[in-house]
Amino acid sequence: MTRHSKNNTANPIFTYHERRMVKDFNTLNQRLGSDSMRKCEQCWLCLSTAIKPVCNSFGYVFCKECILKCFSKQMDDYKYRLQEWEAKVEQIETVKQHKHETKCESQKRKLINESVYGVSAVKASKRDESSSVNQRNKESTALEGNFWLSGNTTTDKGTARDGKLAIPTKPKPIMKCPITGKPMKVKELVDIHPDTTRESDDPASDTIWICAISQKPISHHGAVLDRKSGKVMLKQYVAVSENDDGGQFIPLIPGGTGFCAHNNVSASKYRPALL
Numbered sequence: 001m002t003r004h005s006k007n008n009t010a011n012p013i014f015t016y017h018e019r020r021m022v023k024d025f026n027t028l029n030q031r032l033g034s035d036s037m038r039k040c041e042q043c044w045l046c047l048s049t050a051i052k053p054v055c056n057s058f059g060y061v062f063c064k065e066c067i068l069k070c071f072s073k074q075m076d077d078y079k080y081r082l083q084e085w086e087a088k089v090e091q092i093e094t095v096k097q098h099k100h101e102t103k104c105e106s107q108k109r110k111l112i113n114e115s116v117y118g119v120s121a122v123k124a125s126k127r128d129e130s131s132s133v134n135q136r137n138k139e140s141t142a143l144e145g146n147f148w149l150s151g152n153t154t155t156d157k158g159t160a161r162d163g164k165l166a167i168p169t170k171p172k173p174i175m176k177c178p179i180t181g182k183p184m185k186v187k188e189l190v191d192i193h194p195d196t197t198r199e200s201d202d203p204a205s206d207t208i209w210i211c212a213i214s215q216k217p218i219s220h221h222g223a224v225l226d227r228k229s230g231k232v233m234l235k236q237y238v239a240v241s242e243n244d245d246g247g248q249f250i251p252l253i254p255g256g257t258g259f260c261a262h263n264n265v266s267a268s269k270y271r272p273a274l275l
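Per full-length UniProt numbering, the sequence shown runs over residues 1 to 275.
Next up, the structure:
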């Protein structure tokens with residue numbers, strides 16, 4: 001509750017201690033501990049210690065089952081988009097065929113009228129046709145200015161106003177990395193065979209990866225993966241060129257920035273301020 005006094009108009013509505021008591025306002029800041037940081041041996045999808053770990057060419061570690069399920073889901077989405085595309089193409093072809101048949105029928109009717117009723121009837125039909133064309137032009141102009149029609153939206157503007165139906169682009173069966181969104185293939189996955197140890201002597205403790213050369217735990221340090229052996233090593237013990245794309249070593253992406261004192265260890269949640 002606010003303070004009660006005779007002359008409280010010149011003071012803030014809430015005191016400092018009263019603002020501290022309110023939990024639904026102002027920005028919240030929380031320092032993140034080591035449990036909030038992703039470890040080197042954890043999967044980027046399930047955030048648990050990777051089972052049968054694999055790594056893609058971008059340096060992201062996944063469980064083999066997780067990444068294969070992700071690819072399966074992407075293929076199911078592709079099949080669904082392909083069915084939608086086929087239905088759309090079939091609909092467009094049906095509309096084009098209907099327009100073609102209507103045009104042929106009108107030409108046949110026009111030829112019959114000219115041969116049966118003579119020139120005067122042709123002139124009258126031309127006048128009727130011109131008036132109907134003008135009426136259609138007026139209606140189309142009115143429809144083009146209507147924002148609420150789906151044909152006048154940004155996505156359909158190229159096909160609605162010129163009167164032509166364009167066939168949409170056929171979807172491609174391209175699988176993408178779930179983290180970066182870049183194209184990748186299953187054969188690009190590299191099996192990882194890391195050296196492991198326990199955090200403590202307790203059998204229930206978590207398994208951690210260690211460097212294959214120095215036997216040091218890999219936490220926030222930069223690490224690389226050997227494509228041939230599947231071993232994980234600290235980057236400081238391996239001479240890796242930065243331009244070595246597709247070479248023997250793959251730099252693994254760390255959970256933070258890869259430096260001990262430069263990680264963003266504070267999380268903020270922005271909320272409305274309280275006067």
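Idealized CB from N, CA, C, for every residue including glycine.
- DSSP places Met233 in the uninterrupted beta strand (DSSP E) bounded by 232-234.
- Taken through DSSP and simplified to helix, strand or coil, Thr15 comes out as coil.
- Non-local C-beta neighbours of Val224 in its own chain, meaning closer than 7 Å and more than five positions away in sequence, comprise Met233, Lys235, Val238, Val240, Phe249, Ile250, Pro251, Leu252, ordered along the chain.
- Pro254 is classed as buried because its beta carbon has at least 16 other beta carbons within 10 Å across all chains shown.
- Only buried fits Tyr60, as 16 or more other CB atoms lie within 10 angstroms of its CB.
- Rounded to whole angstroms, the gap between the alpha carbons of Lys185 and Pro178 is 12 Å.
- For Asn134, the number of other beta carbons within 10 angstroms of its own is below 16, and it is reported as exposed.
- In the displayed model, Leu68 falls within a helix according to three-state DSSP.
- In chain order, Pro53, Cys55, Gly230 place their CB closer than 6 Å to the CB of Ile192, counting only its own chain and leaving out the 5 sequence neighbours on each side.
- The beta-bridge partner set that DSSP reports for Phe62 consists of Val54.
- Minimum Cα-Cα distance from Glu199 among the listed residues Val190, Asn29, Pro217, Glu188 corresponds to Pro217.
- Each residue's CA atom was taken as its position, placing Met75 and Ala267 some 36 Å apart.
- Rounded to whole angstroms, the separation of the alpha carbons of His100 and Glu86 is 21 Å.
- Look at Thr207 here: in three-state DSSP terms it is strand.
- With respect to the C-alpha of Lys170, the residue from Glu90, Thr180, Leu47 having the closest C-alpha is Glu90.
- Beyond the five residues adjoining it in sequence on each side, Ser57 comes within less than 6 Å, by CB distance, of Glu188 in the same chain, given in chain order.
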